[in-house]
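Residue numbers (the working numbering): -16 to 347. All remarks here apply to the structure that follows.
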């Protein structure tokens, strides 16, 4: 895209930003919560672009003024000062050009959402269940580092150790934007605790990261939801197996089933299950629409295929490899202790580079 085209786009964004600001103080909009929440999100998304655009306009005006002084001013000292300032302004403009280029990359509207994360054991029996627990611990430590809050919604323990599955809700700043590339198959290669011969085994688990759908995002008809209650099982204290606090929800049109039994209260378990159900259905609809919009495009990073093997954790060699971008980190211990930001940043950068390249190609 040419500089003139970029400036035109920035001007349109600035106009839209001002329009949203006016709408958000309109009593009619304030009384329509669904519309207000949507506008508020758009306003926040555009804030940094508009602020950068205003700075950019000031810099370009300063460059024009400095050039005018250099060309027309007779005072040599004044001209010398203008030349120094011009160099500073030009360097600042180059920085802003690069920043604006990245800011104009289309954002995923779900990036600022909270997340429902589901971890499930796959091939590997007990070892896969243990790895679910290891990955849960890894993510938990990362969440604490990010100052995000999380709670377990549902869990089923493994045969001897670990979890067959565990689901949790995570809330904080840009949670989905940071975690969305974790969806897929995570494979582990190591010697299991139960292996007496010291042979390396390969096990796998699946991770699903769903943007948390609020009522304003997805209109779930409760008439389509069948609710069943049953007695909780597993660890949890004296209340377990005595009251029907566990809840199972079935979305009749799609056959989607959600269970929640970790809370003591049936009402709280119902609310949590409803939260997960809404998010699953929202994600399914998002994936369907994305496929319709860009069936011909296959992103290297976000394949959308949860059965795709995305990462291998090799314990004997102390390395983690992400197969989508070919990145390997040789610090498995720290990685499993929650130090995963480097990998997340690399995935985000790869996705943005793809989008940027597509934008350049389309603009030519």
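For glycine and all other residues, C-beta sits at the position ideal for the given N, C-alpha and C.
Three-way DSSP call (helix, strand, coil) for residue i in this model
| i | result |
| --- | --- |
| residue 148 | strand |
| residue 240 | strand |
| residue 190 | strand |
| residue 247 | coil |
| residue 308 | coil |
| residue 196 | coil |
| residue 279 | Note that residue 279 has pLDDT 41, beneath the 50 cutoff, so the model's placement of it is unreliable and the number below is only indicative. DSSP places residue 279 in coil when its eight states are reduced to three. |
| residue 259 | helix |
| residue -1 | helix |
| residue 229 | strand |
| residue 265 | helix |
| residue 202 | coil |
| residue 143 | coil |
| residue -13 | helix |
| residue 294 | strand |
| residue 214 | coil |
| residue 302 | strand |
| residue 287 | Residue confidence for residue 287 is low, a pLDDT of 46 falling below 50, so the modelled location carries little weight and cannot support an answer. |
When the options are compared against residue i, the one with the closest alpha-carbon
| i | options | result |
| --- | --- | --- |
| residue 413 | 104, 80, 269 | Residue 413 lies beyond the range of the chain shown here (-16 to 347); nothing can be said about it. |
| residue 308 | 316, 294, 302 | 294 |
| residue 7 | 55, 20, 212 | 20 |
| residue 157 | 337, 28, 313 | 28 |
| residue 266 | 24, 91, 111 | 91 |
| residue 67 | 107, 50, 116, 77 | 50 |
| residue 106 | 39, 296, 171 | 171 |
| residue 257 | 208, 292, 304, 227 | 208 |
| residue 333 | 88, 18, 259 | 88 |
| residue 205 | 167, 5, 183, 233 | 233 |
| residue 86 | 15, 120, 30 | 30 |
| residue 133 | 150, 77, 174 | 150 |
| residue 146 | 9, 210, 111, 13 | 111 |
| residue 122 | 338, 335, 322 | 322 |
| residue 176 | 213, 210, 108 | 108 |
Cβ-Cβ separation, residue j to residue i (assumed contact under 8 Å), whole Å
| i | j | result |
| --- | --- | --- |
| residue 229 | residue 101 | With a Cβ gap of about 17 Å, residue 229 and residue 101 do not count as contacting. |
| residue 188 | residue 104 | 5 Å |
| residue 83 | residue 39 | 7 Å |
| residue 129 | residue 195 | Not really, about 16 Å apart at Cβ, beyond 8 Å. |
| residue 298 | residue 169 | Not quite, the Cβ-Cβ distance comes to about 13 Å (not below 8 Å), so this is no contact. |
Every unbroken alpha helix (DSSP H) inside the stretch 5 to 93 [4 residues or more]: Fully enclosed alpha helix (DSSP H) runs of 4 or longer: 10 to 13, 16 to 55, 59 to 86.
Three or more C-beta pairs below 8 Å linking the stretch 127 to 143 and the stretch 241 to 258: A contact exists between the stretch 127 to 143 and the stretch 241 to 258.
Stretch pair the stretch 89 to 103 + the stretch 156 to 173: three plus CB contacts closer than 8 Å: At 8 Å Cβ cutoff, the stretches touch.
Sequence ranges, beta strand (DSSP E) only - wholly within the stretch 86 to 139, length at least 3: Given a length threshold of 3 residues, each whole run of the beta strand (DSSP E) inside the stretch 86 to 139 is given here in chain order: 98 to 104.
Segment contact flag, the stretch 319 to 329 with the stretch 296 to 310, C-beta cutoff 8 Å, min 3 pairs: Verdict: yes, contact present.
The stretch 63 to 83 in contact with the stretch 36 to 46 per 3-pair CB rule at 8 Å: Cβ pair count under 8 Å is three or more, so yes.
Beta strand (DSSP E) runs contained entirely in the stretch 149 to 177, provided each spans 3 or more residues: The stretch 149 to 177 contains these whole beta strand (DSSP E) runs: 167 to 173.
Sufficient close CB pairs (3 or more, under 8 Å) joining the stretch 144 to 155 to the stretch 52 to 64: Result no; under three Cβ-Cβ pairs closer than 8 Å.
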